Amino acid sequence: MPEQMHARFLHRLVALFFILLLGAHPASAQNRPAPTPLFDTPGLAAEALKAIAERIGREPQVALVDIRGSEITVHVQGARPHHLDKWTWIRGRGLIMGMTTQIRGPEIAQPLVATLDPTTVLFPLERLPLDDLPALIDRILPRAMLEEPALPQSIRIERQLLLVGGTRVGEARIMVHWNTGRESSYVYLNMDGSIHTADVSGTFRARGLDMARDDWHLPMAAQDLAFLGTHRSILRVEIEPRDIDVSYMDPQSRSQTTGMRWTLNGLSVNAPVIEMPATMRPPTEDVFAFTDIDFAMLPALKAAALEKVNEPGMRVLKIVANRPITSIGTPQLVWTLTVGDPAKQGNWITRTEGEAWQVVASPAGEILRVILPPGRRPSVDWWTPANLRDVIDRLVSTFPVSHPFREIVLDPQGGRAHAVDGGDPTLWREFSITAHEISVSSIGGGRHDGVDGTWFTLDTPDGYSTEVIFDLVSRTFETMSLPDGYISRLTFSRGNTWVRPPEGQVMLEIRVEHGMRGGRLTWLADGTELDRVMP
92 MPEQMHARFL HRLVALFFIL LLGAHPASAQ NRPAPTPLFD TPGLAAEALK
142 AIAERIGREP QVALVDIRGS EITVHVQGAR PHHLDKWTWI RGRGLIMGMT
192 TQIRGPEIAQ PLVATLDPTT VLFPLERLPL DDLPALIDRI LPRAMLEEPA
242 LPQSIRIERQ LLLVGGTRVG EARIMVHWNT GRESSYVYLN MDGSIHTADV
292 SGTFRARGLD MARDDWHLPM AAQDLAFLGT HRSILRVEIE PRDIDVSYMD
342 PQSRSQTTGM RWTLNGLSVN APVIEMPATM RPPTEDVFAF TDIDFAMLPA
392 LKAAALEKVN EPGMRVLKIV ANRPITSIGT PQLVWTLTVG DPAKQGNWIT
442 RTEGEAWQVV ASPAGEILRV ILPPGRRPSV DWWTPANLRD VIDRLVSTFP
492 VSHPFREIVL DPQGGRAHAV DGGDPTLWRE FSITAHEISV SSIGGGRHDG
542 VDGTWFTLDT PDGYSTEVIF DLVSRTFETM SLPDGYISRL TFSRGNTWVR
592 PPEGQVMLEI RVEHGMRGGR LTWLADGTEL DRVMP
């Protein structure tokens, strides 16, 4: 009888063992997520590091802290200064004892880079912000931009490897890595726990983002750029599909500009660009402050711009905020939206031109004007009395009567004016004249030697009415004997290398061409011929 009871007891004990074994490793265990006590339990990561330090017998200098869900690996300075030892803390679940903790080590650890002195990669263990790891993860999780919330796969702490200027190490950083199988993301923290930067290129949100088209990223960009504040140093804010670029003036040097780029990963600083001095090319943009513009109104402005263009397949391709120096007077801060069909844009490689509208708006979002694509602008025949009168009237309405000019040139494509800068009278600029506007050209300009007798003001050529000009044109054609020719250029000036008018007068040079032949006649407003170059 006792033998039978003993046999039954052993049988039940064996059965209980297998039940416990199956309970610990069910068939569905492979589908369960790995345990993550270090990411779930406040204070456990700090407790684990403290336990490792106690096992070592001192507060070590560390080269690496690698935290997984239930395991921490630490590389610490060994018995010799150039030795690295590996220690591992593991939290697991036993069959009989429940939760267990193991500390393994020391094992030999390899340095980050074999050619680096291991002592240069060390940092103190007690500075790590790991007292409440779950709260840290919750705080930075939005920056990871995952489609669905998830716990990190790993947290790795080490000094950054710098390759520019030779292999060396930088500040210690905390890298938090997520990998859900569908997405991956990295968030990099400073040692105080603040976010340094991120790499979210592996997320669904980043893959589909077009910063000029979409809106959800704008509050993040505005927050990251808010440190620019009220300081008037920005030259341009440019929103393109993949990034937002900010160009700003170096406060120490007006001839040097610096740029920064914002992406979903954060801010990066571009290398300084040395601009040409004003003696070679005056600036074409004036400065403004970041607080002068508001990203929050861009969604409504983009919708208004698309409605204004009112063409199928249109999309906002680019957005620029700047204060262009385009005319006389104080430069005005504007938004300029480039609107077009992405499938119909030009290609510089194939030298094809695209078709895009420019919608110009005030900082408040009021649309000021719409500039048509070149191919949709109406052609203008300059050489009619009405259109020529319009050009002269626009010059008079744009510039003060007393504004100094060196020359005014009109040709079949438009024209240009060589005049004193509207803001700095010691500079000259080249102004572009089209059928639609008079604006500062991006080329031409510099420091002049002073306004002397070779300059003139708009009240000086008063005698050149449209009737007088067309009479002089007719006489030029008769003299040149080119009845089928065309006017290639009209130039108002106070002289050039070859011809000088009487003091105080403005001359008009009329150039006529036909095929490979051409000539010019130079006149005064009273009909006096000053110079003749025959075809």
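For the sequence shown, the positions run 92 to 626 when this note's numbering is used. Cβ coordinates follow ideal geometry from the N, Cα and C atoms, glycine included. Note that the coordinates shown come from a computational prediction; the quantities given were computed from them, not determined experimentally.
Rounded separation between residue i and residue j - CA only
{"i": "P197", "j": "R171", "result": "13 Å"}
{"i": "L612", "j": "Q423", "result": "41 Å"}
{"i": "S530", "j": "L428", "result": "18 Å"}
{"i": "L112", "j": "R296", "result": "Low local confidence applies: a pLDDT of 42 at L112 is under 50, so the model's placement there is unreliable, and no value is given."}
{"i": "T638", "j": "P220", "result": "Because the chain here runs from 92 to 626, residue 638 falls outside it and cannot be looked at."}
{"i": "R414", "j": "E329", "result": "12 Å"}
{"i": "A510", "j": "Y577", "result": "27 Å"}
{"i": "D540", "j": "V482", "result": "28 Å"}
{"i": "D208", "j": "T288", "result": "27 Å"}
{"i": "M388", "j": "N401", "result": "20 Å"}
{"i": "Q152", "j": "A144", "result": "10 Å"}
{"i": "Q121", "j": "I410", "result": "Reliability of the predicted coordinates at Q121 is poor, the pLDDT of 41 falling under 50, and the value obtained from them is presented with this limitation in mind. Those two C-alpha atoms are separated by around 50 Å."}
{"i": "A452", "j": "T271", "result": "43 Å"}
{"i": "A226", "j": "E457", "result": "44 Å"}
{"i": "D283", "j": "A142", "result": "22 Å"}
{"i": "L397", "j": "H494", "result": "39 Å"}
{"i": "I265", "j": "D176", "result": "20 Å"}
{"i": "S359", "j": "T421", "result": "32 Å"}
{"i": "V337", "j": "F379", "result": "12 Å"}
{"i": "I248", "j": "L408", "result": "40 Å"}
{"i": "S532", "j": "R520", "result": "8 Å"}
{"i": "H605", "j": "A312", "result": "57 Å"}
{"i": "P403", "j": "D432", "result": "8 Å"}
{"i": "E217", "j": "E150", "result": "8 Å"}
For residue i, the three-state DSSP class (helix, strand or coil)
{"i": "D334", "result": "coil"}
{"i": "R250", "result": "strand"}
{"i": "M190", "result": "strand"}
{"i": "P305", "result": "The displayed chain sequence assigns Asp, not Pro, to residue 305. Of the three classes helix, strand and coil, the one that applies to D305 here is coil, per DSSP."}
{"i": "Y449", "result": "Correcting the residue type first, residue 449 is Gln in the shown sequence and not Tyr. Here Q449 sits in strand by DSSP."}
{"i": "G541", "result": "coil"}
{"i": "I231", "result": "helix"}
{"i": "E329", "result": "strand"}
{"i": "Q423", "result": "coil"}
{"i": "Q314", "result": "helix"}
{"i": "D341", "result": "coil"}
{"i": "G514", "result": "coil"}
{"i": "A241", "result": "coil"}
{"i": "D550", "result": "coil"}
{"i": "A412", "result": "strand"}
{"i": "A226", "result": "helix"}
{"i": "V291", "result": "coil"}
{"i": "L459", "result": "strand"}
Proximity to residue i [Cα-Cα], best of the options
{"i": "V597", "options": "F561, P422 and Y555", "result": "Y555"}
{"i": "G299", "options": "S245, P332, G284 and Q251", "result": "P332"}
{"i": "A200", "options": "W353, P220, H494 and D157", "result": "D157"}
{"i": "R480", "options": "P465, P516, V559 and G541", "result": "V559"}
{"i": "F547", "options": "T588, I499, S532 and G537", "result": "I499"}
{"i": "T567", "options": "G618, G595, P592 and D540", "result": "G618"}
{"i": "A303", "options": "T489, I335, V212 and D562", "result": "I335"}
{"i": "V291", "options": "Q152, M266 and V278", "result": "V278"}
{"i": "N281", "options": "T545, V430, T271 and A263", "result": "A263"}
{"i": "G445", "options": "S453, R149, Q436 and V451", "result": "Q436"}
{"i": "T354", "options": "F583, D301 and S275", "result": "D301"}
{"i": "A394", "options": "R247, T417 and V430", "result": "V430"}
{"i": "G505", "options": "V492, D515 and I524", "result": "I524"}
{"i": "P476", "options": "R497, K399 and D562", "result": "D562"}
{"i": "E528", "options": "H322, A154, R460 and T192", "result": "R460"}
{"i": "L621", "options": "S584, G609, R608 and M607", "result": "S584"}
{"i": "P491", "options": "Q314, D502, T179 and T551", "result": "T551"}
Residue interval of the alpha helix (DSSP H) (run including residue i)
{"i": "T567", "result": "T557 to M571"}
{"i": "N478", "result": "P476 to T489"}
{"i": "K141", "result": "L135 to I147"}
{"i": "A380", "result": "Careful: A380 lies outside any alpha helix (DSSP H) and carries neither H nor E."}
{"i": "R298", "result": "F295 to R298"}
{"i": "P128", "result": "P128 to D131"}
Residue interval of the beta strand (DSSP E) (run including residue i)
{"i": "R520", "result": "L518 to I524"}
{"i": "R507", "result": "G505 to V511"}
{"i": "K435", "result": "It is not in any beta strand (DSSP E) - K435 carries neither H nor E in the DSSP assignment."}
{"i": "V400", "result": "From DSSP, V400 is part of no beta strand (DSSP E) but of the alpha helix (DSSP H) over L389 to V400."}
{"i": "G350", "result": "Q347 to T354"}
{"i": "Q152", "result": "Q152 to I158"}
{"i": "L219", "result": "Looking at the DSSP string, L219 is not in any beta strand (DSSP E), and its letter there is neither H nor E."}
Counting only runs that start and end within the segment 254-278, where is the beta strand (DSSP E) found for 3 or more residues in a row? 259-270
Along the chain, which unbroken stretches of the beta strand (DSSP E) at least 3 residues long are found entirely within the segment 567-621? 577-584, 598-605 and 608-614
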